[in-house]
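Before any comments, here is the structure.
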Amino acid sequence: MNEPTTRPTAPLVVHQPTPVAPAAMHAAPIVPVQPGHIPAVASVVLPDGRVVTGYAVAPAQPEPVAAKPAVSRTAVNVALGGVGFLAVCGGLLLLTSFITALTALVTQLVILAAVVTGGWIAVRVLTPSGGASGTTVNIRRAVFKRNHFHN
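Taking our numbering, the leading residue of the sequence shown gets -14, the next gets one more, and so forth.
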């Protein structure tokens, strides 16, 4: 069991990194920087001995959390809804009172019109007409017996 095992060995492949062209060949534009705001320069030594230098990147700062109000928005919305409901109820009460008063007024006007029209008709019918415009009917003495007319 403790015998050594022989495994086939694969040839070792070594990859060489591609060299980067020096920065002196490519002139970078110079950006003016305020003297008091020069960022810190960081240098990193790679395992193969090369040194990489660059500006340190500041970590992203999280957004500040907004302070919660003392009263929740839900409570404010419920309170405002209650105030609006009370306003509507008061308006509906006034509306029903207005409709009741308007109905009573219309009823009284209809009754007044009926009384005035009835009085005018009664005056026209019961007033004696004493002029030539009326029709005169002469009725002679007649005897009615058993629903027969005798002259």
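C-beta atoms are modelled at their ideal positions from N, C-alpha and C, and glycine is treated no differently.
Check	Outcome
Nearest neighbour of G39, chosen from V26, Q46, P32 [CA to CA]	V26
Enclosing beta strand (DSSP E) for G34 [first to last residue]	Element bounds for G34: n/a, residue is neither H nor E.
Enclosing alpha helix (DSSP H) for Q93 [first to last residue]	58 to 111
C-alpha gap between A99 and G66, whole angstroms	49 Å
Close beta carbons around D33, own chain, < 8 Å, minus the five adjacent residues each side	P2
Nearest-angstrom Cα separation, counted from H0 out to V36	20 Å
DSSP bridge partner residues for A27 (one or two, in chain order)	G39
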